[in-house]
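Numbering (our numbering), first residue to last: 210 to 330.
In what follows, a structure is listed as structure tokens, so that the remarks can point back to it.
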């Protein structure tokens with residue numbers, strides 16, 4: 210998880226750097242959990258399919274306030290209050306990801322499929 214240091218892209222111009230957190234997500238069905246049918250999956254992170262970045266943006270009311278740029282290696286976010294530029298811990302398929310806004314928690318959740326050849330994708 211991040212304290213908002215980002216990747217050192219320079220001065221944020223007085224903008225705040227939001228708190229963010231990376232999580233790995235694995236698809237598991239009942240056959241995997243109870244019957245052990247998927248021999249290529251284990252409880253470890255090497256069997257994960259998705260990378261999830263959650264960014265806390267207090268004071269933001271909608272996704273429309275955010276300028277978001279997601280590449281296969283990096284996420285850049287900017288608003289009138291916040292700026293974040295952070296490298297991803299794994300390469301993702303940036304063309305088929307999704308961004309979801311949770312207005313209640315004032316968080317943005319960016320999910321991308323991991324495409325590292327030697328890591329789940």
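All C-beta atoms, glycine included, are put in the ideal place defined by N, C-alpha and C.
Only a predicted model underlies this, so the values are computations on that prediction, with no experimental measurement involved.
For residue i, three-class secondary structure by DSSP
i           : result
residue 312 : coil
residue 275 : coil
residue 297 : coil
Distance between residue j and residue i (C-alpha atoms, nearest Å)
i           : j           : result
residue 294 : residue 280 : 11 Å
residue 321 : residue 307 : 7 Å
residue 258 : residue 228 : 24 Å
Own chain residues within Cβ distance below 7 Å of residue i, not counting five before or after
i           : result
residue 217 : Note that residue 217 scores a pLDDT of 44, beneath 50, so its modelled location is shaky; the value from the coordinates is reported in the next line. Closer than 7 Å at Cβ, skipping near neighbours: no residue.
Spatial neighbours of residue i in its chain, beta-carbon cut-off 6 Å, leaving aside the 5 residues before and after
i           : result
residue 274 : 288
residue 309 : 318
Test item: CB-CB of residue i and residue j under 8 Å
i           : j           : result
residue 301 : residue 286 : no
Nearest residue (CA-CA) to residue i, options the options
i           : options            : result
residue 267 : 261, 222, 305, 290 : 290
residue 233 : 223, 261, 224      : 261
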